[in-house]
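One structure is given below, encoded as structure tokens.
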Amino acid sequence: MSQQRHVVLLVGGVGGAKLALGLSHSLQADELTIIVNTADDFEHLGLHISPDLDTVMYTLAEIANPQTGWGVINDSYRALDMLRRYDETRAWFRLGDLDLGTNLMRTAMLGKGLSLTDVTRHLSRSLGIAHNILPMSNDPVRTIIETPDGDLPFQVYFVRERWQPIVTGIRFDGAAQASASAAALSALASASLIVFGPSNPFLSIDPILAIPAMRSAIAERKVPCMAVSPIVGGRALKGPAAKLMQERGIDVSPLGVAAHYDQLIDGMIIDRTDAHLSAKIEAMGLRTAALPTVMRSISDKIKLAEQILDWVEP
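For the sequence shown, the residue numbers in the numbering used here are 8 to 321.
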């Protein structure tokens, strides 16, 4: 590509954070911007909690809990244990002591009138992260899960109810009125490549695309936009993506993911396990590469990042 390399990665939590880490090892600080879903954000115990932003930050700072992919490695839970003694019903969201420090700082800074973008920049730099991690918006957008028994805020569905309720619909309250963050729009305007990470298409990427200015910026792009499938061999590596696809009558495969992103992407990266689907995806007008997308080690993450870059930028 003749223009300066600048990859813009759209992600949610754990799956997307893995690719973000790989790309951060392959690209300089000015060559990578990560735009993160904030529709998972919620108020809990008076704190503004941004689960996906924190997961991406901890992952790039290489302090994430490797067993869960979220939270801080070797964190303790003394504050949570004390809270449980006072009121068990408020202790359903597992917030570690170090994690609590992050959320106390975020809440205090937001309370002083700083934007979520500015707060995230401060937190990231304090953790030694050089690459830009941006919230999709500074305005509140909230994912609401519609079920036969009523609406559930996302974290109640995902954490407290362990994503077991049947989902009849998903909506993003506030998205239509929300402005995309200026930093996110600037990043997209200067992108040489846009990538949808291997995050849940419905719960992580869709909220970003639900912001009108964000969707327009991607739809009107002049550069390639690729998606990495979070579905491998008919299942999601983590989280409820496959369950949601089944409940919505969508093919639980990279084909279903490709159809969902219709008109917004130019290509798909799928796992080698699903290589037999390449021709069908290409018949949809999408370039397709079958690569080892399951990222267990840091070398897996870096290798996938480099293979994606080599494929898109030969």
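By construction, the Cβ of each residue, glycine as well, lies at the ideal position given by its N, Cα and C atoms.
Within a Cβ cutoff of 7 Å, which residues of the same chain sit near residue i, ignoring the five residues on either side of it in sequence?
i, result
"A68", "L134, G135, I136"
"M8", "Caution is warranted here: a pLDDT of 41 is assigned to M8, below 50, making its placement in the model unreliable, and the coordinate value is therefore given only provisionally. Counting only Cβ-Cβ distances below 7 Å, and skipping sequence neighbours, we find S199, E320."
"L262", "L284, K287, I288"
"M112", "L130"
Since residue i contacts residue j with CB under 8 Å, what's their CB separation in whole angstroms?
i, j, result
"I177", "F209", "6 Å"
"I276", "T300", "6 Å"
"N145", "S131", "Incorrect: roughly 16 Å between the Cβ atoms, too far for contact."
"V14", "L195", "No, V14 and L195 are not in contact; Cβ-Cβ is about 11 Å, not under 8 Å."
"A183", "P142", "Between P142 and A183 the Cβ distance is about 17 Å, and since that is not below 8 Å, they are no contact."
"L316", "P205", "Contact doesn't hold; Cβ gap of about 15 Å is too wide."
Counting only the same chain and skipping the five closest in sequence on each side, list residues whose C-beta sits under 6 Å from that of residue i.
i, result
"A312", "G29, L30, S33"
"S211", "G19, N44"
Can you pull the DSSP bridge partners for residue i?
i, result
"I277", "A297"
"A243", "I238"
Among residues of its own chain, excluding the 5 on either side of residue i, which ones have a beta-carbon nearer than 8 Å to its beta-carbon?
i, result
"N207", "G19, G22, P237, A243, G246, P247, A248, L251"
"Q270", "A226"
"R101", "G78, Y84, L87, V166"
Measuring alpha carbon to alpha carbon, tell me which residue in the options is nearest residue i.
i, options, result
"I173", "A183, L159, L284", "L159"
"M302", "P73, L54, R128, H55", "P73"
"C232", "Q253, T295, D258", "T295"
"T280", "L141, P147, N145, V239", "V239"
"R169", "T150, W99, L39", "W99"
"L192", "R222, D278, F179", "R222"
"G181", "S197, R255, A217", "A217"
"A234", "D258, H267, G241", "H267"
"G76", "W318, K310, Q314, S304", "S304"
Give the range of the beta strand (DSSP E) segment to which residue i is assigned.
i, result
"E69", "No beta strand (DSSP E) holds E69; DSSP gives it neither H nor E."
"T154", "149-154"
"Q14", "According to the sequence shown, residue 14 is Val rather than Gln. Residues 14-18."
"V43", "39-43"
"R178", "176-180"
Could you tell me the boundaries of the alpha helix (DSSP H) in which residue i lies?
i, result
"E50", "Counting along the chain, E50 falls outside any alpha helix (DSSP H), though it belongs to the beta strand (DSSP E) covering 49-51."
Using a C-beta cutoff of 8 Å, does residue i count as contacting chain D?
i, result
"K229", "Of the chains in the structure shown, none is chain D; there is only one protein chain."
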